[in-house]
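Protein chains in written order, with this note's numbering: chain P, 5 to 326; chain B, 22 to 505. All residues carry an ideal CB built from backbone N, CA and C; glycine is no exception. First up is the structure itself, then whatever we jot down about it.
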Amino acid sequence: MIDLNLTILPDLLLAAMLIGLAWAALSSDDLRRGVVLFIAFGLLLAIVWARLQAPDLALAEAAIGAGLSGALLLVALRDGVAGNETAGKLSRLSRWLVDLFVLIMTCLIGWVLWLTIYAEPVERLAQLANTMLDRSGVSNPVTAVLLNYRAYDTLLELVVVLTAVLGVVVVGRQRRGYRQAGPVFCGLVQWLVPLLVVTAGYLLWVGAHAPGGAFQAGATLAAAGIVLRLAGYDAAGLPDGRLLRWLLVAGTGLFLLIGLGVTLSGGAVLQYPEAWSGSLILLIESAATASIAAALVLAYRGGRPGDWSSAGDRDPNREVST
Amino acid sequence: MNNLLIWPIAVPLFSALLALLWIRRSTWIGVFGTALSLLVVLLVGRQVVESGPIELALGGWTPGLGIALRADGLSLLMLLMSSLVSMAVAVYASVYFSKAERRGEFWVLWLLLITALHALFLSGDLFNLYVTLELLGLSAVVLACLGGSRESLQAALRYLVMGLLGSMAFLIGVALIYAGYGTLDMAALADAIEAGPAAWLALSLMTGGLLIKSALFPLHFWLPPAHANAPAPVSAVLSALVVKAALYLILRLWLSLFDGVVTQAAAVILGLLGAVAVVWGSWAALQAERLKLMAAYSTVAQLGYLFLFLPLLTALPEGAARDVALGALVLLALTHGFAKSAFFLAAGVIMQRAGHDRIAELGGTARALPVTAFTLALAGVALIGLPPSGSFLAKWHLLSSAFITGQYVWLPVIAVGTLLAGAYIFRLLGYAFAPGEGVGPSLSAGREEIPAVLLALIATLLLGFWASAVWELLPISAYVGGGA
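Spelled out as structure tokens, the structure:
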């Protein structure tokens, strides 16, 4: 018997709205409307994560899921030729079949999850992760998982980000920039960009013991770049040529070098010496933040940057100037 | 603890980063990085042969909390195939892309693809496998885009969407497994997983996702356009290696992790789909007018054969007969990997010389490009399954397993598939060896033609005569659950 508690009502409302927004975003014929609904869905999902006491996920969802993905989707819509903005239409029958299939799968997965999580719970890894926390060099368990216990996953995820942005470079055309913003927006930018940079630094630093970390910080830093781009600064704060490529490589490269370097002291790959692990994690996260931000802004700009492969071939003294 | 295991992943990854930084030297870094990856794979191989399966607990954490890399017989064979094929293709690509505007990006993505393949074959953790699948899919899609034509972009976009759908299904399966068993470490899971709703649903979702990626009929539709429109070196690795990665995972799941969960009925369904794929793919290859499209449809058919083994494997009791069948499956996958990459490279050589790959206009190929025509013939021998190729042995054991288990329904499928394969190969050779002016006069073509002929020789001779190595390596298993 479920005891009907009034405090559960807002949560039920949230859940219903989440499903409703997801449905509306998926079934929207107008792509622009669908994207806006998707962004709203992301924000609501962030609130849901916060309600579930997963603030790390809430931050990541708000910054990356709703914010950056939304910005990328909107700028991709801007690429589309006018009149081509309606979603590809399936026939009504196949749409029904897809809906039915998804519904059945959702019910099945829900049922199995209910069976496994509530009916006969097993011991999972959270307990172990918390016990080992004082050996991990950080006090935020999420950061411990991402950068110590399962650091190898994170390393490969940084490689995924790098691959994705290379895809954008290979496939995309460079997008047109925006007109120089008016005085009001420029004034706002002068406040907003430093604020975002400082926030990113804070998120990066605080990740060691509270919700935050490289991905959230990188997304916030990228937001600063996007604001710059919208204000008419075409480079969006990114350097040119080889320096940009160094920036993209920094996160993965440093991670890999540290991961391999620690074996010199006799440990396994990625086994940080305990006294150093806090500082090493911060170092890796700083480089990762820079790389993630550069990758996201580059994806927002789209296409092959000017001087991408030729800058390195010219006079080395000229590359660094932006 | 054995840090050697990280090197097949770290070497190509580090080379990729270097190639991105020194994009002008990317060709040298690419070829050298591929060669170095092959070298470290050989070192890993020596250690596996000498001292059995190796495990590396990354970060020093116990597997479960941390991630373990594991190398055993099966993963070693896949690693050897991928590093040998990629070495040969890299030599060819250094010529193919020497003038291309995007060669820098090609080499970076190429090395990232090798990183992803090696990471996938070595991973001992289900979630980590998902990450490697994403990396593999993404780098493969971007490489397939490098053709730059509208068709290749469309095909690559479809490839991307299907790949993401597959990874998503795999990921949901992984989440269910974690919810049910509280760990993602595959060695622990091989002991823990029992038949039940969670295991069934997880297995179906993961298998479904992987079937999309391994292009089993009727989920194959993305493969022919994507593989046929990519640049030749890319088509070679897509057909030879990338689809095999999904197949490798299906084998791991079905034979090691979920060996108590899979039912004969499920295996028969996959076998039936494989049978349709064999017949339909071979038929479409026979109808194809372009060489690369023919090769791509032939991949659909050859993948079908591999799925024919599943109902036989589940029906055979654990023991010698089952090990023989499993070895035959792996041997067929390896032979196809080498033969198909050789075939695509030869197709690339012809396409660059002739400017087209329309089969009916290939007259004169044998005179202008004798080595390449020879490669096509050798690779054809392996694709049909004639002796002494590895696939001849593999099909022989496939037939005998069908007799042992009494599953006679597969016999006509194998017969029809082999006849159709013979038909499409001889149709091609008929045109290629006919007189004509379809292909221009030949230039010196050492670095272009030699890699392909070496790959074809591995498929027809090496894997035929030294096939016993496959059966010797496979029992070295890192997972106690089953034979693989």
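Per-residue DSSP class, three states only, for residue i
i: Arg311(B); result: strand
i: Ala92(B); result: strand
i: Pro145(P); result: helix
i: Leu240(B); result: coil
i: Arg388(B); result: helix
i: Arg128(P); result: coil
i: Gly340(B); result: coil
i: Asp244(P); result: coil
i: Arg179(B); result: helix
i: Gly87(B); result: strand
i: Arg67(B); result: helix
i: Gly504(B); result: Confidence is the limiting factor: at Gly504(B) the pLDDT is only 40, short of 50, which leaves the residue's position unreliable and the question unanswerable from this model.
i: Glu89(P); result: Since pLDDT at Glu89(P) reaches only 49, below the 50 mark, its modelled position is unreliable, and the value read off the structure follows with that caveat. Glu89(P): coil per DSSP, three-state reduction.
i: Ile30(B); result: helix
i: Asp60(P); result: helix
i: Asp146(B); result: strand
i: Asp212(B); result: helix
i: Met5(P); result: Because the pLDDT at Met5(P) is just 44, under 50, the model does not fix this residue reliably, and the value given afterwards should be weighed accordingly. Three-state DSSP puts Met5(P) in coil, outside helix and strand.
i: Asp206(B); result: strand
i: Leu41(B); result: helix
Contacts of residue i in chain B (Cβ-Cβ under 9 Å)
i: Leu132(P); result: Thr83, Gly85 and Leu86
Endpoints, beta strand (DSSP E) assigned at residue i
i: Ile121(P); result: Note, Ile121(P): premise wrong, no beta strand (DSSP E); not H, not E.
N-terminal and C-terminal residue of the alpha helix (DSSP H) that residue i is part of
i: Glu126(B); result: Arg124 to Leu143
i: Ala267(B); result: Val264 to Leu272
i: Ile435(B); result: Trp431 to Phe454
i: Ala78(B); result: Looking at the DSSP string, Ala78(B) is not in any alpha helix (DSSP H); the run it does join, the beta strand (DSSP E), is Ile75 to Ala78.
i: Asp83(P); result: Ser73 to Asp83
i: Asp157(P); result: Ala155 to Val175
i: Met21(P); result: Ile12 to Ser31
i: Arg180(P); result: It is not in any alpha helix (DSSP H) - Arg180(P) carries neither H nor E in the DSSP assignment.
i: Met136(P); result: No alpha helix (DSSP H) contains Met136(P), which DSSP labels as neither H nor E.
i: Trp417(B); result: Gly411 to Thr426
i: Ala261(B); result: No alpha helix (DSSP H) holds Ala261(B); DSSP gives it neither H nor E.
i: Phe42(P); result: Leu35 to Arg55
i: Ser225(B); result: Pro218 to Lys234
i: Gly229(P); result: Ala218 to Leu234
i: Val167(B); result: Residue identity differs from the one stated: residue 167(B) is Leu in this sequence, not Val. Per DSSP, Leu167(B) belongs to no alpha helix (DSSP H) and is neither H nor E.
i: Phe189(P); result: Pro187 to Val210
i: Trp492(B); result: Ser489 to Leu494
i: Arg468(B); result: Gly467 to Leu478
Interface residues of chain P facing residue i [CB-CB closer than 8 Å]
i: Val162(B); result: Gly171
i: Thr228(B); result: What Thr228(B) touches in chain P: nothing, since even the nearest Cβ is about 14 Å away.
i: Leu77(B); result: Ala272 and Val273
Under 7 Å by beta carbon: chain B residues contacting residue i
i: Gly257(P); result: Leu38
i: Asp157(P); result: Ile88, Phe148, Asn149 and Val152
Proximal chain B residues relative to residue i, where beta-carbon distance stays under 8 Å
i: Arg249(P); result: Leu41, Leu42 and Ile44
i: Thr120(P); result: Leu197, Ala200, Gly201 and Ala219
i: Thr167(P); result: Leu130, Leu133, Leu156, Leu159, Ser160 and Val163
Per-residue contacts from residue i into chain P (C-beta, under 9 Å)
i: Leu327(B); result: Those within 9 Å of Leu327(B) in chain P number zero; the least Cβ separation is about 27 Å.
i: Ile193(B); result: Met109 and Ile113
i: Leu174(B); result: Val175
i: Thr209(B); result: Note that residue 209(B) is Ala in the sequence shown here, rather than Thr. What Ala209(B) touches in chain P: nothing, since even the nearest Cβ is about 11 Å away.
Where residue i meets chain P, residues with beta-carbon distance less than 7 Å
i: Glu118(B); result: Here residue 118(B) is Phe; the residue named in the question, Glu, does not match the sequence. None at all; the shortest Cβ gap to chain P is about 13 Å.
i: Asn24(B); result: Thr267, Ala272 and Val273
| query | Would you call the segment 30-42 of chain P and the segment 10-21 of chain P in contact, with 3 or more CB pairs under 8 Å? | reply | no
| request: Take every Cβ of the segment 136-145 of chain P, pair it with every Cβ of the segment 224-237 of chain B, and state whether three or more of those distances are shorter than 8 Å. | output: No: the two stretches stay apart, fewer than three of their Cβ pairs being nearer than 8 Å.
| request: Mind the definition here: the segment 257-276 of chain P touches the segment 189-207 of chain P only if three or more C-beta pairs lie below 8 Å; say whether that holds. | output: no
| message | Tell me whether the segment 88-102 of chain B and the segment 68-75 of chain B touch, counting them as touching only if at least three CB pairs, one residue from each stretch, are closer than 8 Å. | response | yes
| field | Contained alpha helix (DSSP H) runs [length at least 4] in the segment 254-321 of chain P, N- to C-terminal order | value | 281-305
| Three or more beta-carbon pairs under 8 Å between the segment 185-199 of chain B and the segment 251-258 of chain B, yes or no? | no
| message | Using a Cβ distance threshold of 8 Å, determine whether the segment 198-208 of chain P contacts the segment 47-55 of chain P, with at least three qualifying pairs required. | response | At 8 Å Cβ cutoff, the stretches do not touch.
| task | Decide if the segment 162-172 of chain P is in contact with the segment 157-170 of chain B; the criterion is three or more beta carbon pairs, one per stretch, under 8 Å apart. | result | yes
| task | May I ask you to verify whether the segment 351-368 of chain B touches the segment 478-494 of chain B, counting CB pairs closer than 8 Å and requiring at least 3? | result | yes
| query | Taking three-plus beta-carbon pairs below 8 Å as touching, is the segment 291-307 of chain P in contact with the segment 235-244 of chain P? | reply | yes
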